[in-house]
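There are 2 protein chains.
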Amino acid sequence: MTSPAKTSSVRNRHEFTDALKRGLYEAIFRRRDIREFTPEPIRDGALARVLIAAHHAASVGFSQPWDFIVVRSVEARRRVKEIFEQERAKNAAQFTGARREKFLSLKLEGILEAPINLIVTCTPERFGPAVLGKTSIRDVEIYSACLAVENLWLTARAEGLGVGWVSIMRNDALAEIFGIPDSAIPVAYLCVGYVREFPDRPVLASAQWAERLPPRSLIHFDTWSKEGTPDEPLIEKIEDPSIWLSIFPEDSPDKSPSRR
Amino acid sequence: MTSPAKTSSVRNRHEFTDALKRGLYEAIFRRRDIREFTPEPIRDGALARVLIAAHHAASVGFSQPWDFIVVRSVEARRRVKEIFEQERAKNAAQFTGARREKFLSLKLEGILEAPINLIVTCTPERFGPAVLGKTSIRDVEIYSACLAVENLWLTARAEGLGVGWVSIMRNDALAEIFGIPDSAIPVAYLCVGYVREFPDRPVLASAQWAERLPPRSLIHFDTWSKEGTPDEPLIEKIEDPSIWLSIFPEDSPDKSPSRR
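For the protein sequence lines, the chains are E and H, in the order given. Mind the numbering: the first sequence is residues 1 to 260 in the numbering used here, read in order. Mind the numbering: the second sequence is residues 261 to 520 in the numbering used here, read in order.
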């Protein structure tokens with residue numbers, strides 16, 4: 001006979017030790033979208049590990065649809081920056097008043113400051129049109145390429161490297177500047193480099209552009225509708241501060257952990 | 261004066277310790293697409309951490325476009341399984357001969373065996389049509405939802421949980437079964453649960469469906485074309501077995517690390 005408390009502390013045999021879990025959680029909760037870089041060159045070993053990790057993401061039918069363009073050319077990046085500026089003006093025009101002022105005050109890229117930029121593309125038909133796992137959902141290979149981006153981003157954080165995704169961009173311009181063929185879709189334009197600081201909170205949270213949404217608003221059970229459903233133990237668990245102590249045991253239960 | 265060897269061992273101050281890096285790398289290289297589950301229920305603490313980690317992915321304009329539907333209903337999953345079977349037949353029809361035989365021999369989901377399924381959706385216009393970071397690239401919020409999937413997948417691995425992405429699916433059917441509104445796009449249908457084994461290699465590699473591509477074929481410098489470019493030190497670094505020893509120091513340099 002074991003007590004419930006004891007039972008719940010029994011580890012699954014595939015579960016990582018707390019020390020190993022911590023490494024993953026540090027990467028996930030300390031990852032930031034970075035727009036300020038130091039000019040320090042990236043060590044080849046760090047970049048090698050980042051790219052290998054990206055290449056080990058899941059992909060539909062093991063299609064590995066990604067390519068990576070390492071962009072060091074300042075001339076190419078100047079052209080990219082021009083496109084960014086044109087698109088940024090369009091983006092600003094979508095907002096009005098104080099919101100637009102705030103938008104215009106934000107630094108949204110580090111294209112020229114970062115020692116390198118990285119383009120992640122997706123070639124859906126690398127092995128032909130038939131893909132194991134692809135039937136009615138059109139963009140499954142692009143989803144795979146995004147998984148690679150997250151591996152890249154988390155690994156970069158562990159290597160001390162910041163990553164900033166510049167989504168204010170035009171894919172036709174990227175294709176022209178870098179000679180990307182029609183068979184490949186640019187998915188992510190990333191600035192990568194060492195940083196002075198990894199901010200404690202996302203920049204857009206500190207700037208009061210948006211707030212982190214409460215998890216309970218995003219979690220549904222068996223159906224989208226939340227009408228008439230009682231509180232689930234899972235939601236209580238997520239909202240209990242002790243869940244953060246299970247990730248970062250040194251956090252004080254009196255204050256919200258900074259990673260929120 | 262420092263020797264080059266000494267200089268290269270100086271850590272960037274934001275770089276993780278080797279012990280912390282190891283936790284992230286274990287998750288990345290030991291993650292697998294899982295189709296066989298044990299019926300053991302998932303502990304609320306583990307699932308809470310997995311969902312919190314997913315919710316801390318990057319998102320364009322901090323739009324947090326994801327929702328998570330925890331599916332426990334066997335009835336709903338039976339309906340999903342029917343759709344899967346119809347789509348699987350379509351997928352099989354895309355292959356011929358021995359390739360089709362192999363396709364039909366593969367187990368591609370654990371919809372009913374897994375204790376839960378998880379649906380990750382994307383609501384692009386959660387805060388209205390204007391999104392900071394969105395101009396000419398249409399699906400940026402979906403890319404964000406995919407980043408959340410990878411956080412979820414890696415965290416699940418650390419918690420001892422397997423995840424299998426069922427992309428052989430129809431989104432209109434999912435919308436109907438789970439009452440997902442038109443404003444939300446189903447992005448990932450996942451089976452989640454404890455497993456008997458995390459295979460050493462991807463199932464589709466062991467089944468000789470596909471091989472891991474050589475990294476050099478996927479990495480470009482400044483332009484897509486690889487014509488006339490000499491070998492880059494980065495490529496040499498990636499292909500040198502010592503890069504694997506920097507991730508998993510106990511691996512023998514005489515054999516390919518199993519994570520490849």
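We put the CB at the ideal spot given by N, CA and C, even for glycine.
query	result
For the stretch 409–427 of chain H and the stretch 129–148 of chain E, state whether three or more C-beta atom pairs, one from each stretch, are separated by less than 8 Å.	yes
Ignoring anything shorter than 4 residues or poking outside the stretch 85–142 of chain E, list the alpha helix (DSSP H) runs there in chain order.	97–105
Pull up the CB-CB distance for R564 of chain H and I371 of chain H, whole angstroms please, since I reckon it's below 8 Å.	An answer regarding residue 564 of chain H cannot be provided, because it is not within the stretch 261 to 520 covered by chain H.
Which of the three DSSP states is assigned to A448 of chain H in this structure?	strand
Is S506 of chain H helix, strand or coil by DSSP?	helix
Suppose contacts are defined by Cβ-Cβ distances below 8 Å. Is L421 of chain H in contact with G453 of chain H by that definition?	yes
Against chain E, which members of the stretch 275–287 of chain H pass a CB distance test of less than 9 Å?	E275, F276, T277, A279, L280, K281, R282, G283, L284, Y285, E286 and A287
Would you mind stating whether G179 of chain E and S427 of chain H have Cβ atoms separated by less than 8 Å?	no
Is the Cβ of F289 of chain H closer than 8 Å to any Cβ of chain E?	yes
Can you pull out the residues from the stretch 381–393 of chain H whose beta carbon lies closer than 7 Å to at least one beta carbon of chain E?	A390, L392 and G393
In chain E, what lies closer than 8 Å to S485 of chain H by C-beta?	G179
Roughly how many whole angstroms lie between the Cα atoms of I503 of chain H and I495 of chain H?	11 Å
Going by beta-carbon coordinates alone, are P230 of chain E and P115 of chain E separated by less than 8 Å?	no
Do you know offhand how far L317 of chain E's Cα is from D240 of chain E's?	Summary: the structure shown does not reach residue 317 of chain E, with chain E confined to residues 1 through 260, and so no result is reported for it.
List in chain order: all unbroken beta strand (DSSP E) runs of 3+ residues lying wholly within the stretch 207–251 of chain E.	219–221
Looking at W469 of chain H and F29 of chain E, is the spacing between their C-beta atoms short of 8 Å?	no
Less than 7 Å separating the Cβ of Y449 of chain H from some heavy atom of the ligand SAM?	The ligand SAM is absent from the structure shown, which contains no ligand whatsoever.
Output needed in chain order: residues of the stretch 461–485 of chain H with a Cβ under 9 Å from some Cβ in chain E.	P462, V463, L464, A465, W469, A470, E471, R472, L473, P475, S477, L478, I479, H480, F481, D482, T483, W484 and S485
When you compare only the Cα positions, how much space is there between E361 of chain H and W425 of chain H?	22 Å
Under 8 Å, do L464 of chain H and D67 of chain E count as touching if we go by C-beta distance?	no
Report the option in E:F198, E:A57 and E:V71 whose CA atom is closest to the CA atom of Y143 of chain E.	E:A57
Tell me which same chain residues have a C-beta within less than 8 Å of the C-beta of R13 of chain E, skipping the five on either side of it?	none
In or out: E250 of chain E buried (at least 16 other Cβ within 10 Å) or exposed?	exposed
Which chain H residues sit within Cβ distance under 7 Å of S105 of chain E?	Within chain H, no residue comes near S105 of chain E; the closest Cβ sits about 12 Å away, beyond 7 Å.
Determine whether the Cβ of K237 of chain E lies closer than 8 Å to any Cβ atom of chain H.	yes
In chain order, what residues of the same chain have a beta carbon less than 6 Å from the beta carbon of I343 of chain H, not counting five sequence neighbours either side?	R430 and A433
Inspect the beta-carbon positions of A184 of chain E and T121 of chain E and report whether they are closer than 8 Å.	yes
Does the CB of L372 of chain H have a neighbour CB from chain E at under 8 Å?	no
Taking Cβ to Cβ, would you say C191 of chain E is nearer than 8 Å to F37 of chain E?	yes
Under 8 Å by Cβ, that's how I've got E159 of chain E and A89 of chain E pegged, so tell me the actual separation to the nearest angstrom.	Wrong, their Cβ atoms sit about 34 Å apart, outside the cutoff.
Please list the terminal residues of the continuous beta strand (DSSP E) segment that includes I524 of chain H.	Residue 524 of chain H is absent from the model: chain H starts at 261 and stops at 520.
As a quick exercise: from H:S319, H:I498, H:A352 and H:L280, pick the residue whose alpha carbon is nearest that of E211 of chain E.	H:S319
Reducing DSSP to helix, strand and coil, say where D44 of chain E ends up.	helix
How many whole angstroms separate the CB atoms of D33 of chain E and P202 of chain E, which I take to be in contact at a CB cut-off of 8 Å?	7 Å
For G357 of chain H, count the other beta carbons within 10 Å of its own beta carbon; 16 or more makes it buried, fewer makes it exposed. Which is it?	exposed
Considering G283 of chain H, what are the terminal residues of the alpha helix (DSSP H) in which it resides?	D278 to R290
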